[in-house]
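Student:
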Amino acid sequence: RIGAFREAFPETPWIFVYRDPVQVMMSHLKEKGRGKAVCLRSMKMPDRDLKDLVRSRGGSMKSLTNEEFCAAHLATLCEAAIENSKLSPKLGRMVNYEGLLNNLVDDIIPHHFLKTDKLDSSAKQRIEEVSQRYSKGRGNAKEWEEDSQLKEDKAWPEIHVAAAKYLQPVFEKLKTR
999 RIGAFREAFP ETPWIFVYRD PVQVMMSHLK EKGRGKAVCL RSMKMPDRDL KDLVRSRGGS
1059 MKSLTNEEFC AAHLATLCEA AIENSKLSPK LGRMVNYEGL LNNLVDDIIP HHFLKTDKLD
1119 SSAKQRIEEV SQRYSKGRGN AKEWEEDSQL KEDKAWPEIH VAAAKYLQPV FEKLKTR
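Read in the working numbering, the sequence shown has 1137 at position 139, and its numbers run on one by one without any break.
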């Protein structure tokens, strides 16, 4: 859907934040066997790009596990971000989750969004304050906690296999953009 946003706001800079494949999948799947993850919503009617990706990796839609479907779905989102960034190279930017706060303060907000040399200290302070809140808290003022290692530790083998098969290749592409 990035294309729709680009069409609606053709002069607006945008970013796509990407993260380590296993960590992203754990954010979606959380517990083995749980089928309510957002990445699984289109299982009954998958998009053509997802079907094409699965076929290109030697898979079959009928035999995909939840982990494989989730990884393939997330990979198609990443591919769409890359394609849209090619269509708007000065506006779209791929941003790694690792080191995000410093990157936002030192580079992305001042240079990509504001087109200035640097942020003043009060702007930096506001960004740092906001970054301490958990973004998915839905109104809760829960404090954000680093969870990358926890996600890695909790990931089960099928997550690692699916991430390597479908998501890792596009993650590597994102890192070079």
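Heads up, the beta-carbon is just placed ideally off N, CA and C, and yes, glycines get one too.
Assign Val-1020 to one of two classes, buried (16 or more other C-beta atoms within 10 Å of its C-beta) or exposed (fewer than that).
Tutor: So Val-1020 ends up on the buried side.
Student: Can you tell me the Cα-Cα spacing of Ser-1040 and Lys-1116, whole angstroms?
Tutor: Their backbone Cα atoms lie some 42 Å apart in a straight line.
Student: From Lys-1049 to Glu-1156, what distance separates their C-alpha atoms?
Tutor: Approximately 20 Å, taken between the alpha carbons.
Student: Please state the DSSP three-state secondary structure of Phe-1169.
Tutor: Looking at Phe-1169 - three-state DSSP - the assignment turns out to be helix.
Student: For Val-1052, which of Leu-1075, Lys-1163, Glu-1096, Pro-1008 has the nearest alpha-carbon?
Tutor: With distances taken between Cα atoms, Val-1052 lies closest to Lys-1163.
Student: Looking only at its chain, what residues have a beta carbon closer than 6 Å to the beta carbon of Ala-1153, apart from the 5 residues adjacent to it on each side?
Tutor: Result list for Ala-1153: Val-1020, Met-1024, in chain order.
Student: Ile-1013 and Arg-1091 look like a contact to me (Cβ under 8 Å); what is the Cβ gap, rounded to whole Å?
Tutor: About 5 Å; that satisfies the 8 Å criterion.
Student: Taking the alpha carbon of Glu-1005 as the reference point, which residue from Leu-1089, Glu-1029, Ala-1035, Lys-1028 has its own alpha carbon closest?
Tutor: With distances taken between Cα atoms, Glu-1005 lies closest to Leu-1089.
Student: Specify the secondary structure class of Gly-1001 as computed by DSSP and reduced to three states.
Tutor: Three-state DSSP puts Gly-1001 in a helix.
Student: With a cut-off of 8 Å on the beta carbons, I'd call Pro-1008 and Phe-1111 a contact; round off their distance for me.
Tutor: Contact flag wrong, Cβ pair sits at about 16 Å.
Student: Is the CB-CB distance between Ala-1070 and Arg-1046 below 9 Å?
Tutor: Not a contact, by the Cβ cut-off of 9 Å.
Student: So the beta strand (DSSP E) Met-1092 belongs to, where does it begin and stop?
Tutor: First-last of the beta strand (DSSP E) with Met-1092: 1090 to 1094.
Student: Just confirm the distance between the C-beta atoms of Val-1015 and Val-1128, as a whole number of angstroms; I'd bet it's less than 8 Å.
Tutor: In fact, because the Cβ distance is near 15 Å, the residues do not count as touching under 8 Å.
Student: Tell whether a beta-carbon distance below 9 Å holds between Glu-1065 and Gly-1057.
Tutor: Cβ distance not < 9 Å, so Glu-1065 and Gly-1057 don't count as in contact.
Student: Helix, strand or coil for Phe-1014, going by three-state DSSP, please let me know.
Tutor: Three-state result, Phe-1014: strand.
Student: DSSP on Arg-1039, reduced to helix/strand/coil?
Tutor: In the structure shown, Arg-1039 sits in coil (DSSP, three-state: anything other than H, G, I, E or B).
Student: Short check: CB of Thr-1063 to CB of Ala-1161, under 9 Å?
Tutor: The answer is no: Cβ separation not under 9 Å.
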